[in-house]
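Top line first, the protein sequences correspond to chains A and B. Note that the first sequence covers residues 4 to 267 in this note's numbering. Note that the second sequence covers residues 4 to 267 in this note's numbering.
Number of protein chains: 2
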Amino acid sequence: MLDKSYKYSIILNMRNILLKISFSGKNYHGWQVQKNALSVQGVFQEALKKVLNEENTEIKGCSRTDVGVHANEYFLSFKTNRCISTTRLPVALNHFLPRDISAIDALEVPDDFHARYSCKGKEYIYKIWNNRIRNSFLDGYVFHYWYSINIDFLNECAAYFIGIHDFTSFCTLDRRNPKNLIRNVLDFDVYKKGNLVIFRVKANGFLYNMVRIMVGTLLKFNKNKITPSKILDIIMKKDRSKAGPTAVACGLYLNKVFYENLDF
Amino acid sequence: MLDKSYKYSIILNMRNILLKISFSGKNYHGWQVQKNALSVQGVFQEALKKVLNEENTEIKGCSRTDVGVHANEYFLSFKTNRCISTTRLPVALNHFLPRDISAIDALEVPDDFHARYSCKGKEYIYKIWNNRIRNSFLDGYVFHYWYSINIDFLNECAAYFIGIHDFTSFCTLDRRNPKNLIRNVLDFDVYKKGNLVIFRVKANGFLYNMVRIMVGTLLKFNKNKITPSKILDIIMKKDRSKAGPTAVACGLYLNKVFYENLDF
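Given below as structure tokens:
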């Protein structure tokens with residue numbers, strides 16, 4: 004009994020820290036800790052252990068990410084008794100983190116805040132290198148696609164994703180899928196930046212492989228000149244086989260994560 | 004005698020090919036072939052051997068590059084009897100080259116053309132990531148420098164490099180140095196692009212470590228607020244110890260190589 008109450012009082016006094024990081028996924032098997040594979044979470048946990056001098060601090064990430072997927076912005080939260088300042092924490096972490104994972108900012112948040120469950124929405128971008136010649140500096144950071152891309156046409160297609168839909172056709176069947184496959188796509192546009200073509204999609208939440216299948220489908224529409232409104236037909240069929248292929252992981256970046264009333 | 008004339012006739016008939024490539028120097032010990040170290044030239048030679056099915060084709064590069072230095076544009080020339088088209092050659096080479104070295108374009112040039120000796124000038128850029136927080140995606144591609152940079156001030160300093168000078172103060176003593184250390188700096192400017200600060204310098208030729216020492220010196224001037232005209236004093240002293248430190252290699256990119264009357 005004594006032990007139990009002691010533990011409880013410590014939990015009551017614990018600080019809840021939200022940390023903003025970025026990472027290149029090129030050398031990692033995604034965010035989630037796995038056996039026999041290097042994960043961003045695993046590497047991060049090691050660095051945090053060194054900074055806090057504390058064993059087994061539980062880290063809650065804002066989402067899973069696939070092998071090779073990048074994050075311009077990723078949030079994680081953890082609880083600690085240590086009194087390190089939120090200003091010093093990122094500097095201390097970067098000292099121990101490899102250079103392809105960077106702590107950007109830290110913030111003390113209310114006790115019930117959770118990097119994943121408190122998240123109100125996310126934005127992903129998908130980068131295509133659209134040129135006959137590959138780019139020597141972007142291997143692992145873009146999908147090299149040399150077929151000509153019609154940006155206006157893709158925007159016309161992408162607009163059909165916007166709204167509240169059941170995205171069964173646009174997710175990979177997986178035991179980890181939630182029961183509810185309805186998501187609200189808030190924004191979806193496609194733009195050019197030099198030889199890069201960038202797909203930007205914002206939603207209240209995403210399903211497994213959702214962005215990559217949407218991009219793969221848009222590229223199929225681009226190549227075969229399929230009528231843009233057919234996107235709606237595919238959504239309504241609720242059948243993964245009606246959509247296009249899953250675009251390769253390395254072009255995908257978690258770009259923004261939205262929380263309410265957070266001063267980041 | 005017969006052998007000799009036969010060899011000569013083959014040389015007469017040989018095509019001289021100029022190839023434009025780009026490479027990320029992150030994984031290489033510079034351009035030049037060396038024992039026990041991976042070089043861009045060494046890797047390129049292997050790919051060319053496979054494409055031409057020809058042993059020991061001699062490759063002439065447009066310049067040496069240091070360990071970790073990149074090239075947005077690099078030229079090399081070689082002679083061959085093979086009849087592969089200049090359109091197909093880059094495609095065939097890219098099939099065998101690793102993804103951080105890319106063949107961009109090929110051109111048949113006159114017999115006396117040489118990638119190095121026919122070169123009329125070069126342009127280098129040097130990239131600095133100027134932010135408190137490092138960038139997870141640019142490790143090995145920028146010099147991370149967090150001290151505040153005054154772009155106008157740096158441009159004022161850089162202008163003193165322009166002109167024909169003896170650049171003894173701005174080169175590393177090396178047995179490979181030419182006797183003549185006079186170079187004509189045609190252009191030198193510094194500009195911002197987001198969190199990147201880019202130094203761009205164009206000259207008829209460069210000495211060993213010249214750009215890196217010029218950048219290191221400019222950063223010293225920036226930090227210590229040294230009067231811009233002092234650059235001229237350092238040049239006139241012809242003494243390496245009067246200039247600033249050599250900036251790290253990974254920020255340096257060979258950006259453009261100039262030839263006369265070439266249709267690239």
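Idealized CB from N, CA, C, for every residue including glycine.
Taking 9 Å as the upper bound on Cβ-Cβ separation, chain B lies near residues His73, Ala74, Asn75 of the region 58-82 of chain A. In terms of Cα proximity to Ile152 (chain B), the closest of B:Leu96, B:Val218, B:Asp190 is B:Val218. Interface residue (Cβ-Cβ distance to chain B less than 9 Å): Phe47 (chain A) is not classified as such. Tyr211 (chain B) and Cys174 (chain B) have their C-alpha atoms some 5 Å from each other. Here the C-alpha atom of Glu263 (chain A) lies approximately 34 Å from the C-alpha atom of Leu141 (chain A). Out of A:Thr230, A:Asp169, A:Leu222, the CA that lies nearest to the CA of Val251 (chain A) is found in A:Leu222. With a cutoff of 9 Å on beta-carbon distance, Thr68 (chain A) and Phe81 (chain A) are scored as not near each other. Within the region 32-96 of chain A, the alpha helix (DSSP H) runs of at least 4 residues that lie entirely inside it are, in chain order, 43-55. Under the three-state reduction of DSSP output, Ile128 (chain B) falls in the strand class. Going by beta carbons, Tyr256 (chain B) and Ala74 (chain B) fall inside the 9 Å limit. The beta-carbon distance between Asn198 (chain B) and Phe156 (chain B), rounded to whole angstroms, is 18 Å. This is too long to meet the 8 Å contact definition.
Residues of chain A with a Cβ closer than 9 Å to the Cβ of Ile104 (chain B) are, in chain order, Ser139.
Annotated as distal: Ala95 (chain B) and Ile104 (chain B), with beta-carbon spacing of 9 Å or more. Within a 10 Å sphere around the beta-carbon of His168 (chain B) sit 16 or more other beta-carbons, which makes this residue buried. Chain order gives no chain A residues near Phe99 (chain B), where near means a beta carbon separation below 7 Å; the closest approach is about 13 Å. When DSSP states are grouped into helix, strand and coil, Val218 (chain B) belongs to the helix group.
Interface criterion met: the Cβ of Ile136 (chain B) is under 9 Å from a Cβ in chain A. DSSP, reduced to helix, strand and coil, places Asn133 (chain A) outside both helices and strands of the structure shown, so it counts as coil.
Against chain B, the CB of Phe26 (chain A) has a partner CB under 9 Å away; the residue lies at that interface. Per the coordinates, the alpha-carbon of Gly28 (chain A) lies some 5 Å from the alpha-carbon of Val72 (chain A). Ser25 (chain B) sits buried, since 16 or more C-beta atoms from the chains shown fall within 10 Å of its C-beta. Of all alpha-carbon atoms in B:Lys23, B:Asp190, B:Val260, the one lying nearest the alpha-carbon of Ala109 (chain B) is that of B:Lys23. Setting aside the 5 residues that flank it on each side, Asn97 (chain A) is surrounded in the same chain by Ser105, Ala106, each with a C-beta closer than 7 Å to its C-beta; the list follows chain order. Within the region 113-134 of chain B, not one residue has a Cβ closer than 7 Å to any Cβ of chain A. In the three-state scheme derived from DSSP, where H, G and I count as helix and E and B as strand, Cys174 (chain A) is classed as coil. Neighbourhood of Ile107 (chain B) in chain A, by CB distance below 7 Å: Ile136, in chain order. Taking a contact to require three or more Cβ pairs closer than 8 Å, the region 126-140 of chain A and the region 188-202 of chain A qualify as touching.
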